[in-house]
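In UniProt numbering, the protein residues as written are 1 to 626.
See the structure below:
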C-alpha cells in the first residue's frame with residue numbers, strides 16, 4: 001500500500017524502523033538524496049503528530065482530573081466563593097456577539113471551543129519542514145516528481161481528525177462519563193459535540209484535498225499515477241469514509257432535521273457514525289488506537305441504555321417465566337395541545353430531582369423516544385406534562401384514548417439539589433411546560449427542606465387556567481408557608497397573581513407525599529385560581545412586568561407581553577437578608593438567556609471576596625422551546 005507512495009523497497013531492507021500509527025520505515029534509505037530527505041520530513045512530521053495528539057488527550061484528562069478534585073475539595077471559603085463568582089460572572093452568560101453562528105450558548109462553551117481550535121491550528125503546522133524536492137521517477141528518464149511538505153501536513157491533519165473522534169463520541173453519550181466527572185448534564189455537551197464534528201469534517205476535507213493535489217498534480221507521469229492511486233483499497237475506503245462523514249454532517253443541519261424529522265436524524269446518526277468509524281479503520285488501521293475507544297464508548301453507552309430499559313420493563317410472571325411489558329400511561333388533555341401523563345411503574349424507581357427519562361409511546365412507533373422531566377418526586381409514580389408541538393408529541397396530544405402504552409428509559413442527567421446548603425435561597429423561574437423541571441425542586445424543599453432560606457416560584461404561563469396542569473402539586477405546595485408562588489399570565493389582561501397557602505385538610509383526595517418525608521394529607525388545588533389568590537400591588541418588585549408598566553402609564557397592554565425576568569432575579573437577590581442563592585430556570589430559550597445574563601451580573605466578585613454570600617448566585621437551567 002505504501003510502496004508506491006514512499007518509493008521504498010521493503011524486499012531489500014536492511015532493517016525496519018517502527019513508527020506508531022504509520023508504516024515501518026526502511027533503513028538505511030537507498031533512494032536518491034531528495035527522496036530520502038522527503039521521507040525524513042514525512043516520518044518526523046508523523047511522529048510529532050502522534051505526540052501532539054497524545055498531548056491533546058493529556059490536557060483533556062488533566063483538566064477533567066483537576067475538575068473532579070476541585071468538586072470534591074470545594075469549600076465555602078472566600079477563595080472558592082470568589083473563584084465561583086468570577087467564573088459565573090464572565091463565563092456563564094450567553095456569547096451574544098456570535099449568536100448567529102453559535103446560537104444561545106455560554107461564553108464558557110465558546111471559550112473551550114476556541115481553545116481546541118487554537119490548539120489544532122498551531123499543532124497542525126508546527127514541526128514540519130517546509131521545502132520542495134524534485135526527484136527523478138525510477139525507469140522514467142526525464143520525468144520528475146515534485147515532492148512538497150503538503151503531504152506531511154495533510155497526514156498531520158488526518159491524525160488530529162482521528163484523535164478527535166473519541167472526544168466527539170464522548171460528548172454525545174447519554175451515559176456520560178463527563179457528567180460523572182464534572183457534574184454537568186450530558187445535554188449541555190451537545191454544542192461541543194456539534195462543533196467537534198464540524199472540525200473533523202474540515203480536517204477530513206483538507207486531508208483529502210492535500211493528497212489529491214499531491215497524487216493528481218505533483219506526482220508524474222499523469223494520469224497513470226492518479227489512476228493507480230485511486231484504485232488502491234485503502235483509498236477506496238478513504239473515499240467511503242468521507243462520503244459517510246458528509247452524510248453525517250448534512251443530516252445534522254437544521255433544514256435536514258426539519259425535512260426528515262428528529263427521530264430519523266438520531267437513528268441515521270447512530271448508524272452512519274459506526275459505519276464511518278469502520279471505514280476509517282479500513283482506510284488507515286495503524287490509527288486504530290483512536291478508533292477502538294470510539295467504538296467501545298458507543299457500544300457501552302447503548303448497552304447501558306438497553307440494560308436500564310430492561311430493568312424497568314422486564315417482569316417475572318406467576319409461572320416463573322419473564323417477558324418485556326410496556327407500562328400504561330393515563331392521559332389527561334388540557335387546552336388544545338397540553339397532555340399530562342401518569343405512569344405507574346412496577347416498582348419504585350431510583351432517580352434524583354432534575355433527572356429526566358426518555359419515553360417511547362409505542363402506539364406511535366417503537367423507534368421514537370423523547371426526553372421528559374417528571375414533575376413528581378422519585379417513587380413508583382411518574383407524572384409528566386408536555387406540549388404536543390409536532391411529530392410524535394402532536395399525535396399523542398390528538399389521541400382520544402384515556403391511556404396509551406409507553407416504554408421508559410433512564411434516568412439521565414444530574415441531581416440538581418446536591419449543591420444546596422442549609423442557608424441557600426431558592427428562586428425557581430419557569431415558562432410554560434418548563435414547570436416540570438422546577439416543580440420537583442419545590443416539592444422536595446417543601447417537605448424535606450435542606451435549606452432554610454427563601455423559596456419563590458415565578459411561573460410564566462399563557463393563561464391563568466394553565467395552573468390546572470399541575471393542580472395536585474400546587475395543592476400540596478399551598479399548605480407550605482415557606483414556598484411563595486407567583487403566576488404571571490402573558491395572554492390576558494390580568495395582573496400577576498400570588499397563590500396563598502391554606503390550611504391542610506385531612507379529607508384529601510390526593511396524597512402525593514414523597515417517600516421518606518412525613519406530612520399530613522394534601523388538599524387538591526381548586527380549578528378557579530383567582531378565588532384563592534389576590535392581585536399583587538403595582539409596587540411589588542418581584543413580579544413587575546412590561547404589562548404592569550403599560551397599565552400604570554394608561555396604555556393598553558399587549559396580550560402577548562413577557563415579564564422582565566432579569567428584574568425578577570435581580571430583585572429577589574437584592575431582597576434576601578443573607579446566604580447564597582440558587583436560581584433554577586426552565587422555559588423558552590430567550591427566558592433562559594435573560595436569567596443566565598442576570599445571574600452573571602449578580603455574581604459580584606468584589607463582594608464575594610469580602611465574604612458577602614449574597615454575591616454567590618448559582619444557576620441550574622434546562623432550556624427548551626415553548
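Built from N, CA and C at the ideal position, the CB exists for glycine as well.
Of the listed residues 467, 459, 152 and 472, nearest to residue 563 (C-alpha basis) = 459
query = DSSP beta-bridge partners for residue 17?
reply = 25
task = Can you give me the start and stop residues for the alpha helix (DSSP H) that residue 201 sits inside?
result = 190 to 213
task = Compute the beta-carbon to beta-carbon distance between residue 602 and residue 592, rounded to the nearest angstrom, for a pair I have assumed lies under 8 Å.
result = About 16 Å; that fails the 8 Å criterion.
task = Give every residue of the same chain whose Cβ lies closer than 8 Å to the Cβ of residue 406, excluding the five residues on either side of it in the sequence, and list them in chain order.
result = 326, 327, 328, 329, 341, 343, 359, 360, 361 and 362
inquiry  = My output table needs one value for residue 562: the three-state DSSP class, helix, strand or coil.
reply    = coil
ask   = What first and last residue would you give for the alpha helix (DSSP H) that runs through residue 309?
value = 288 to 313
request  = Pull up the distance between the alpha-carbon of residue 249 and that of residue 263, whole angstroms please.
outcome  = 16 Å
ask   = For residue 602, which of helix, strand or coil comes out of DSSP?
value = helix
task = Count the other C-beta atoms from every protein chain shown that fall within 10 angstroms of the C-beta of residue 582, then say buried if there are 16 or more, exposed otherwise.
result = buried
key: Unbroken beta strand (DSSP E) run spanning residue 394, endpoints   = It is not in any beta strand (DSSP E) - residue 394 instead sits in the alpha helix (DSSP H) that spans 391 to 397.
key: Helix, strand or coil at residue 351 according to DSSP, with G and I counted as helix   = coil
task = Consult DSSP for residue 408 and reduce its assignment to one of helix, strand or coil.
result = strand
Contacting residues, own chain, Cβ-Cβ under 6 Å from residue 607 (five flanking each side not counted) = 615
inquiry  = Let me check understanding here. Comparing Cα to Cα, which of 166, 200 and 236 lies closest to residue 291?
reply    = 166
ask   = Hey, out of 253, 270 and 123, whose CA is closest to residue 168's CA?
value = 270
query = Between which two residues does the alpha helix (DSSP H) harbouring residue 159 extend?
reply = 150 to 172
query = What does a CB cutoff of less than 6 Å around residue 461 pick up in its chain, not counting 5 residues either side in sequence?
reply = 489
query = Just checking my contact of residue 441 with residue 430 at CB under 8 Å: how many whole Å lie between their CB atoms?
reply = Residue 441 to residue 430, Cβ: 10 Å. No contact.
ask   = Can you tell me whether DSSP reads residue 466 as helix, strand or coil?
value = helix
task = With distances taken Cα to Cα, identify the nearest neighbour of residue 216 among 183, 244, 481 and 151.
result = 151
key: Proximity of residue 357 and residue 334 at Cβ, strictly below 8 Å   = no
inquiry  = By the DSSP assignment, the alpha helix (DSSP H) with residue 437 in it spans what residues?
reply    = 435 to 447
inquiry  = Just to check my reading of the structure: residue 594 and residue 566 have Cβ atoms closer than 8 Å, yes? What is that Cβ distance to the nearest angstrom?
reply    = 5 Å
key: Cβ neighbours of residue 191 in the same chain (closer than 6 Å, five flanking residues each side left out)   = 105 and 109
task = Quick one: residues in its chain with C-beta nearer than 8 Å to the C-beta of residue 265, no 5 flanking neighbours on either side, listed in chain order?
result = 251, 252, 256 and 257
inquiry  = Considering Cα atoms alone, identify which of 268, 579, 157 and 600 is closest to residue 570.
reply    = 600
inquiry  = Can you tell me whether residue 18 is buried or exposed? The criterion is at least 16 other CB atoms within 10 Å of its CB, across all chains shown.
reply    = exposed
inquiry  = Can you give me the C-alpha to C-alpha distance between residue 97 and residue 254, rounded to a whole angstrom?
reply    = 21 Å
inquiry  = Please classify residue 515 as buried or exposed, where buried requires at least 16 other C-beta atoms within 10 Å of its C-beta.
reply    = Note that residue 515 scores a pLDDT of 33, beneath 50, so its modelled location is shaky; the value from the coordinates is reported in the next line. Flag for residue 515 reads exposed.
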